[in-house]
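Novice: Quick note: the sequence shown uses the working numbering, first residue -15, plus one each step.
From the three backbone atoms N, C-alpha and C, an ideal C-beta is built for every residue, glycine too.
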Amino acid sequence: MEASREFVYQKFTEYYRDPSTVIPATTMPEQREFAYLMFKERFMVRHRRYAEFKNFRAMLAETVPSDVYHSCAYYENPEVDMDKKGWIGADLVFDIDADHIPTNCDKIHDEFTCVKCGFSGRGLIPEVCPCCEATKFESKTWPCELCIQSARIETSKLIDMLENDFGFSQNELHVYFSGHRGYHVHIENESVKSLDAMARKEIVDYVTGLGIAILDKDTKQTRRKRGAGVKKFSLHNFGWNKRLKVGMADFLLNATTENLKVVGLNNKAVLENKELIIKRAIQEGKWESIKGVKIQTWLKLAEYVRDTQSSKIDTVVTTDIHRLIRMNGTLHGKTGLKKVEFPAKDLQTFDPFTGAVAFKKGTTKLLISDAPEFRMSGETLGPYKNQTVELPVAAAIMLICKRRAQVAN
Ligand SMILES: [Zn+2]
Ligand SMILES: [Zn+2]
C-alpha cells in the first residue's frame, strides 16, 4: 500500500485501539446487522452479529475498517442471509447530505467522472450519465462549510416538522453529524419501529412536500374538468397548510419586485397590496377579497413556499427498511472525521470541524496538489496549490482521504 494510505491506516488503527476512544453502543446490538468496509481490500463485510458490544470493539481494534455500519433494522437472526433474517422492525432514519442539495459552490469543488464512458463534469453528480446512461461515477468532493451549512438548513426544517407536525419530543430525536458533509436524524421509538416501506414513504412525501392536496396537479385538473365553480383556495391552520401560510406572509413581507418575478409573479396588485394580502387573505382567510389577485397567484406563491420550506432529505434512505447506516463514533473513510451525536437544539452551533475531529495530536509533512481554504480544530488552513506543508494530523488525513495530498518524504 502506498505511503499515504498506510499513514491513514496507521492513524485509524491508533483511533480504534485507543481505550479512551468513545464508541457508543447501539440499542439492541443482538438484533442488529453490523457491516464494515475493509480498509485495504475495499470490500464490504456484512451480516455480522455482535450480541456483546465488547466483541464489536475488539473487531474494530483488530480489523480497523475504513467505514463501519449497522442496520437500522432489528432482526431475529441478523447474521443470516437477507431473506432469512426475520425482520422485526426498524428505526426511522433521515439522511441529509450536501450530495443531494444544489449549492452555488458545488461547481467549484465537486467533480465527477462516469466509470463506464469517462464523461466528466462539475457540480452535483447526475443520477444517470447523460452519455451512456450508466449510474456509477468516480467523484471528487469537498466537505465545504457552505455545503454543510445548506445541509444544516435542511436538517433544521426536518427537525421542526418532526417536532411540531409529527409530535416527537427533542429527546426522541437523535441528531448526528455524518462525518462527511451532512446530518443524520434517527428516531428509535416503538411508534415508528413497525412502519413498513409504504408508511415511511408517506412520511418522506410529507417532509419533502410532495402531494400537498391544495397544490396537487391532478386535483387541479380534476377541478378544472368539474367546472370553474369549485376552484377555491383556502388553507387551514395546521401541518403544511399552516407552513404555507406562515411562509407566504414571511415572503411577501420582504419581497421586492425582483423576488416576485422569481416566483413568476409580475402582478402589480400583489406588490401594491402586500399588507392587505397578509392581513385579509392570509390571516383572515378571505382569499377572494383582494382585487386582481386570483387563485393562480395563490398557487404560485404556495408552490414557492412549499419548495423553500420542504426538507431535501435523501428519500431512499428513509424508505429502505433494511438500510445500513454509519455507526455513531466511527470514522468516515472519506474525511477521517467521526460521526458524532449532539443535542438537536445545538444544530446551529455544533461545529463539525472541532466537534467531529478524531485526531488531535501531531503533525505531518504533505505534498498538497490542490486544496481550498478550510478550518480544522479552530485553525484556518490553505488554500494550497502544489506545495509541501507541515499540517496537523486531522487536516492531513482529510486531504489524503480527499485525494488532494500525499505524505511527503
Ligand atoms: Zn457514461
Ligand atoms: Zn460547497
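1) In chain order, what residues of the same chain lie with their CB nearer than 7 angstroms to the CB of residue 1, ignoring the 5 residues before and after it?
2) With DSSP collapsed to three states, give me the class of residue 370.
3) Closer than 6 angstroms: is that where the CB of residue 319 sits relative to any heavy atom of ligand 2?
4) Based on the DSSP output, what are the partners of residue 98 in its beta bridges?
5) Any beta carbon of chain D sitting closer than 7 angstroms to that of residue -11?
6) Taking the alpha-carbon positions, what's the residue -13 to residue 326 distance?
7) How many Å lie between residue 384 and residue 269 at the Cα?
8) Are three or more beta carbon pairs between the stretch 27 to 43 and the stretch 121 to 128 nearer than 8 angstroms?
9) Identify the continuous alpha helix (DSSP H) that holds residue 237 and give its terminal residues.
10) Hey, quick one: how far does the alpha helix (DSSP H) through residue 71 stretch, first residue to last?
11) Are the stretch 82 to 93 and the stretch 101 to 109 in contact at 8 angstroms, needing three or more beta carbon pairs?
12) Compute the minimum distance between the beta carbon of residue 87 and the heavy atoms of ligand 2, and state whether it is under 6 angstroms.
13) Output needed for residue 147: all residues of its chain with C-beta closer than 6 angstroms, excluding positions within five of it in sequence on either side, in chain order.
14) Per the DSSP calculation, residue 32 is bridged to which residue(s)?
15) Secondary structure at residue 23, three-state DSSP: helix, strand or coil?
16) Would you mind giving the Cβ-Cβ distance between residue 52 and residue -7, rounded to the nearest angstrom? I have them listed as a contact below 8 angstroms.
17) Using only Cβ atoms and a threshold of 6 angstroms, which residues come within that distance of a heavy atom of ligand 1? Order them by chain position.
18) How about the stretch 298 to 311 and the stretch 169 to 182: do they share at least three Cβ pairs that are nearer than 8 angstroms?
19) Identify whether residue 170 lies in helix, strand or coil by the three-state DSSP scheme.
20) Tell me whether residue 68 is buried or exposed, calling it buried when 16 or more other Cβ atoms sit within 10 Å of its Cβ.
21) Counting along the chain, where does the beta strand (DSSP E) carrying residue 360 start and finish?
22) Alpha carbon to alpha carbon, how far is residue 114 from residue 386? Give it in angstroms, no decimals.
23) With DSSP as the reference, label residue 144 as helix, strand or coil.
24) Strictly by DSSP, which residues pair up with residue 348?
25) Can you name, in chain order, every residue of its own chain whose Cβ lies under 6 angstroms from the Cβ of residue 32, other than the five neighbours on each side?
26) Using only the alpha-carbon positions, how far apart do residue 157 and residue 66 sit?
27) Between residue 131 and ligand 2, is there a pair consisting of the residue's CB and a ligand heavy atom that are separated by less than 6 angstroms?
Specialist: Taking the coordinates as given:
1) 45
2) strand
3) no
4) 121
5) You won't find chain D in this structure, because it holds only one protein chain.
6) 35 angstroms
7) 58 angstroms
8) no
9) 223 to 238
10) Element bounds for residue 71: not the alpha helix (DSSP H) but the beta strand (DSSP E), 71 to 74.
11) yes
12) yes
13) none
14) 18
15) coil
16) Not quite, the Cβ-Cβ distance comes to about 15 angstroms (not below 8 angstroms), so this is no contact.
17) 98, 100, 101, 103, 113, 115, 116, 118
18) yes
19) strand
20) exposed
21) 358 to 360
22) 25 angstroms
23) helix
24) 375
25) 18
26) 28 angstroms
27) yes
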